[in-house]
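Quick note, the sequences are listed as chains A and B, same order.
The first sequence lines up with residues 701 to 855 when you count with the numbering used here.
The second sequence lines up with residues 701 to 855 when you count with the numbering used here.
Glycine is no exception: its CB is placed at the ideal position from the N, C-alpha and C atoms.
What follows is one structure encoded as structure tokens, with my remarks underneath.
2 protein chains.
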Amino acid sequence: MAEKQGSLQIGEVAQRTGVTQRTLRFYEEKGLLRPPSRMGGGFRLYTEEDVKRVNHIRRLQDLLGISLADIKEMVDADEVLRELRSQYRPESAIAEKRNQLQKATAVTEAQFAIVKQKTEQMREMETQLTERLRLFTRWKQELDELETKAAPTRG
Amino acid sequence: MAEKQGSLQIGEVAQRTGVTQRTLRFYEEKGLLRPPSRMGGGFRLYTEEDVKRVNHIRRLQDLLGISLADIKEMVDADEVLRELRSQYRPESAIAEKRNQLQKATAVTEAQFAIVKQKTEQMREMETQLTERLRLFTRWKQELDELETKAAPTRG
DNA sequence: TATAACCTTGACGTTGGCGTAAGGTTGAAC
DNA sequence: GTTCAACCTTACGCCAACGTCAAGGTTATA
């Protein structure tokens with residue numbers, strides 16, 4: 701019996717995502733990754749989904765610079781998404797689905813707002829930096845001219 | 701004798717920047733703010749420049765999510781900028797000026813690169829989120845239709 | 001000159017996000 | 001059936017970025 705198809709041990713997940721095994725266990729502890737299945741002896745078995753998840757978490761961390769607690773909220777919204785997508789068979793509890801959908805929408809909108817705001821501020825900063833760089837090159841040119849035109853009377 | 705014109709005590713700076721007094725002292729300790737002048741009894745006296753500085757630091761922290769150590773590098777570059785700008789009188793040590801200019805340019809370019817990369821990733825994320833929101837609204841509509849068209853056989 | 005509001009330094013405490021070491025278990029290979 | 005890397009849990013450690021006292025000095029105002 702081979703391994704279950706497409707299941708990865710923690711070491712490989714760590715390698716492929718660029719985080720440590722400790723971090724993966726930590727995320728699990730904190731509820732950012734759902735507890736993976738285990739093989740007989742207790743070794744964790746991850747899926748490709750999990751890998752994507754980790755990458756997503758890291759992007760959120762790096763880009764938005766928000767706490768893991770907040771990220772948990774966001775990835776929970778993702779989870780809802782997957783659930784809704786998978787059991788796309790609305791024979792049961794429409795009200796609940798509507799509820800989940802509502803919450804997921806809210807979280808996503810919040811995220812969107814953050815991203816929007818940050819991109820805007822980033823843009824401002826970008827232009828500022830561009831201006832500054834222009835200024836620097838101008839000054840450098842002036843320095844150059846000063847040295848070539850003026851007397852090289854030293855040394 | 702009134703206060704020196706335009707000098708602010710730590711409390712007011714704290715209020716206006718939204719950080720605590722502790723944070724201001726902390727930044728000073730870490731070299732992110734140059735030690736302000738003091739009045740007779742030792743009270744710190746800040747300038748409007750300092751206020752801008754603090755705001756800048758916070759923007760960098762919030763937007764780029766980088767460490768204060770890295771931010772120090774950046775604001776040091778700012779310092780160089782001011783120095784160059786103020787004593788715009790290149791009678792002394794051109795070589796040094798060139799050097800400073802070079803370093804400031806390098807730091808600024810590094811910063812620019814970071815900002816560029818992040819903006820791009822942000823954009824990606826933005827489109828992703830937009831798509832997701834569209835999906836959500838579509839699903840919600842489907843749910844609505846299901847409820848209106850199907851039997852409202854409850855209650 | 002009293003007293004409240006503001007400030008000082010010093011030092012220890014806290015929180016998030018992991019690092020790391022210890023001691024034991026598992027699994028594939030030989 | 002033993003070896004050995006990869007994994008397990010437990011638990012203490014660590015750094016950044018401040019928070020939070022404590023004990024006292026300063027300044028404006030009555």
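Assumed close pair residue i, residue j - CB separation to whole angstroms, cut-off 8 angstroms
| i | j | result |
| --- | --- | --- |
| Val751/A | Thr723/A | About 13 angstroms; that fails the 8 angstroms criterion. |
| Val780/A | Tyr746/A | Not confirmed; about 21 angstroms, so no contact. |
| Leu829/B | Phe812/A | 5 angstroms |
| Val719/B | Arg753/B | Going by Cβ atoms, the distance from Val719/B to Arg753/B rounds to 11 angstroms, so no, they are not a contact pair. |
| Thr827/A | Arg823/B | Actually they are not in contact, since the Cβ atoms of Thr827/A and Arg823/B sit about 16 angstroms apart, beyond 8 angstroms. |
| Arg730/B | Leu768/B | Residue identity check: residue 730/B is Lys in the sequence provided, not Arg. Right, the Cβ-Cβ distance comes to about 6 angstroms (below 8 angstroms), so this counts as a contact. |
| Leu763/B | Met825/A | 7 angstroms |
| Leu760/B | Phe836/A | That belief does not hold up - the Cβ atoms of Leu760/B and Phe836/A are roughly 19 angstroms apart, past 8 angstroms. |
| Leu843/B | Thr808/A | About 17 angstroms; that fails the 8 angstroms criterion. |
| Gly765/B | Gly765/A | 3 angstroms |
Chain A contact residues for residue i, given Cβ-Cβ distances below 9 angstroms
| i | result |
| --- | --- |
| Gly765/B | Gln761, Asp762, Leu763, Leu764, Gly765 and Ile766 |
| Leu833/B | Thr805, Thr808, Glu809 and Phe812 |
CB contact check: residue i to chain B, cutoff 8 angstroms
| i | result |
| --- | --- |
| Thr827/A | no |
| Met841/A | The question names Met, but residue 841/A in the sequence shown is Gln. By this cut-off, Gln841/A is not an interface position. |
| Glu847/A | yes |
| Phe665/A | Since the first and last residues shown for chain A are 701 and 855, residue 665/A lies out of range. |
| Lys818/A | yes |
Interface flag, residue i vs chain A, CB-CB below 8 angstroms
| i | result |
| --- | --- |
| Met822/B | yes |
| Glu748/B | no |
| Val719/B | no |
| Leu784/B | yes |
Contact list for residue i against chain B, beta-carbon separation under 9 angstroms
| i | result |
| --- | --- |
| Leu724/A | Residues of chain B passing the Cβ test: none, with the nearest at roughly 22 angstroms. |
Contact list for residue i against chain A, beta-carbon separation under 8 angstroms
| i | result |
| --- | --- |
| Val815/B | Met822, Met825, Glu826 and Leu829 |
Burial state of residue i (16 or more Cβ within 10 Å)
| i | result |
| --- | --- |
| Ile814/A | buried |
| Met739/B | exposed |
| Arg725/B | exposed |
| Ala795/B | exposed |
| Lys797/B | buried |
| Pro736/A | buried |
| Ala777/B | buried |
| Leu733/B | buried |
| Leu846/A | exposed |
| Leu708/B | buried |
| Thr848/B | exposed |
Task: Residues of the stretch 793–809 of chain A whose Cβ lies closer than 9 angstroms to any Cβ of chain B, in chain order - done: Ile794, Lys797, Arg798, Leu801, Gln802, Ala804, Thr805, Thr808 and Glu809
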